[in-house]
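Q:
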Amino acid sequence: ATPMSIMTATGRGAQAGVLIRNAEALERFEKIDTLIVDKTGTLTEGKPKLVAVLPEAGFTEDALLRLAATLERGSEHPLAEAIVNGAEERGVTLGKADDFSAVTGKGVTGTVDGRPVALGNAALLAQIGLDAAGLATIADARRDEGETVMFVACDGVVAGMVSVADPVKQTTPAALVALHELGFRIIMATGDNARTAKAVAARLGIDEVRADVLPEDKARIIGELQQQGRKVAMAGDGVNDAPALAQADVGIAMGTGADVAIESAGITLVKGDLHGIVRARRLTRATMRNIR
Ligand code: ADP
Ligand code: MG
Numbered sequence: 093a094t095p096m097s098i099m100t101a102t103g104r105g106a107q108a109g110v111l112i113r114n115a116e117a118l119e120r121f122e123k124i125d126t127l128i129v130d131k132t133g134t135l136t137e138g139k140p141k142l143v144a145v146l147p148e149a150g151f152t153e154d155a156l157l158r159l160a161a162t163l164e165r166g167s168e169h170p171l172a173e174a175i176v177n178g179a180e181e182r183g184v185t186l187g188k189a190d191d192f193s194a195v196t197g198k199g200v201t202g203t204v205d206g207r208p209v210a211l212g213n214a215a216l217l218a219q220i221g222l223d224a225a226g227l228a229t230i231a232d233a234r235r236d237e238g239e240t241v242m243f244v245a246c247d248g249v250v251a252g253m254v255s256v257a258d259p260v261k262q263t264t265p266a267a268l269v270a271l272h273e274l275g276f277r278i279i280m281a282t283g284d285n286a287r288t289a290k291a292v293a294a295r296l297g298i299d300e301v302r303a304d305v306l307p308e309d310k311a312r313i314i315g316e317l318q319q320q321g322r323k324v325a326m327a328g329d330g331v332n333d334a335p336a337l338a339q340a341d342v343g344i345a346m347g348t349g350a351d352v353a354i355e356s357a358g359i360t361l362v363k364g365d366l367h368g369i370v371r372a373r374r375l376t377r378a379t380m381r382n383i384r
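Here my numbering runs 92 ahead of the position in the sequence shown, where the first position is 1.
(1) Can you determine whether any heavy atom of the ligand ADP sits closer than 7 Å to the C-beta of residue 197, and answer yes or no?
(2) Identify the residues that DSSP records as bridge partners of residue 280: which are they?
(3) What is the residue span of the alpha helix (DSSP H) that residue 121 lies within?
(4) With burial defined as no fewer than 16 other Cβ atoms inside 10 Å of the residue's Cβ, what is the status of residue 385: buried or exposed?
(5) Would you say the beta carbon of residue 130 is closer than 7 Å to some non-hydrogen atom of the ligand ADP?
(6) With DSSP as the reference, label residue 217 as helix, strand or coil.
(7) Compare the C-alpha of residue 234 against each of 317, 294, 287, 123 and name the closest.
(8) For the region 142-222, which segments carrying the beta strand (DSSP E) assignment without a break, of at least 3 residues, lie completely within its bounds, in sequence order?
(9) So does residue 177 have its beta carbon nearer than 7 Å to some heavy atom of the ligand ADP?
(10) On the three-state DSSP scale, how would you describe residue 108?
(11) Leaving out the 5 sequence neighbours to the left and right, which residues in its chain are closer than 7 Å to residue 205 when beta-carbon positions are compared?
(12) Going by C-alpha distance, which of 175, 314, 276, 224 is nearest residue 184?
(13) Cutting at 8 Å between CB atoms, please list the residues of its own chain near residue 226, excluding the five before and the five after it.
(14) Quick check: the region 206-215 against the region 239-248, are at least 3 beta-carbon pairs closer than 8 Å?
(15) Per DSSP, what kind of secondary structure is residue 336 in: helix, strand or coil?
(16) For residue 362, which three-state DSSP category applies?
(17) Is the region 127-146 touching the region 257-267, taking contact as three or more C-beta pairs under 8 Å?
(18) To the nearest whole angstrom, what separates the beta carbons of residue 356 and residue 375, a pair I think is in contact under 8 Å?
(19) Going by the beta-carbon positions, is the gap between residue 281 and residue 130 smaller than 8 Å?
(20) Going by DSSP, what residues sit across from residue 253 in a beta bridge?
(21) Report the option in 236, 118, 105 whose CA atom is closest to the CA atom of residue 380.
(22) Would you call the region 108-115 and the region 141-150 touching, i.e. three or more CB-CB distances under 8 Å?
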């Protein structure tokens, strides 16, 4: 590739909000056949909203939400923000949290007003020896609507569930149609539950879903695809996505996301819109054609 044509391409990309790190990223991107996209913040708005509070016997809605929101004040996760904002909107007063601990890809634990509380997915409940089987039917019905259901445990029992919804970005469906036309196989990877993930993927025509994925698994999944001979780009926005972005042949950071994600990326989409990948592909094809 000649330096001149690459400068032209990166310059044009920058004007359209597609920042290409260097010539290597440009050349590698032309060979990509598989695109892995994170769900939260990449396909969706990444600003989930609390939509349901479902207490078990012995807890009121407000009491359950107080436990959840008090603990989540210590977390920076988008799900935590949804729960804290939801409590505020409902006028629920918060208590005192102690011994806060985040369990990556699973949830949070600590005490609220001196009572032990855990909040997160089924894996987190299992970790503390609790079982959410009795709530499965209700949880699954909400997941089929694309919601993320979290379990709350308190004093060693399941206290209930809270559910949040994260709408798909307005620009996502059309971007995915264009990306399919460009020949990418599109795989969604998410830490979210399989049921929720499949509901969202089905609406968007995504080719393959990897759900219940821990952040460190994303890099491993990419490595496996690469061993099968695939050329893989990964689009993500979170702090947790940095290892996967680094493992990918081309990491694509959504510009609205965390700085560490951007540092690990070959391409940054300033507008945080997947149409940027369509632009990047057209640009690299045109550039590489000119060069040869
Ligand atoms: P994603 O890949 O969608 O960004 P994460 O790996 O961050 O997902 O989280 C996976 C799952 O772990 C979430 O769907 C949720 O059930 C649970 N979880 C993670 N962090 C929290 C938290 N702060 N509060 C409640 N649940 C959480
Ligand atoms: Mg994420």
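Heads up, the beta-carbon is just placed ideally off N, CA and C, and yes, glycines get one too.
A: Taking the definition as stated:
(1) yes
(2) For residue 280, which the question treats as bridged, DSSP gives the partners 129, 301.
(3) Start and end: 115-122.
(4) The question about residue 385 has no answer here: the residues shown for the chain are numbered 93 through 384.
(5) yes
(6) helix
(7) 287
(8) 189-195, 199-204, 207-212
(9) Outside the cutoff, so no.
(10) coil
(11) Excluding positions up to five away in sequence, the list reads 187, 188.
(12) A check of alpha carbon separations from residue 184 across 175, 314, 276, 224 identifies 175 as the nearest.
(13) 250
(14) yes
(15) helix
(16) Reduced to three states, the DSSP call for residue 362 is coil.
(17) yes
(18) About 21 Å separates the two Cβ atoms, so there is no contact after all.
(19) yes
(20) Answer is 146, 243, bridged to residue 253.
(21) Comparing Cα positions, the closest option is 118.
(22) no
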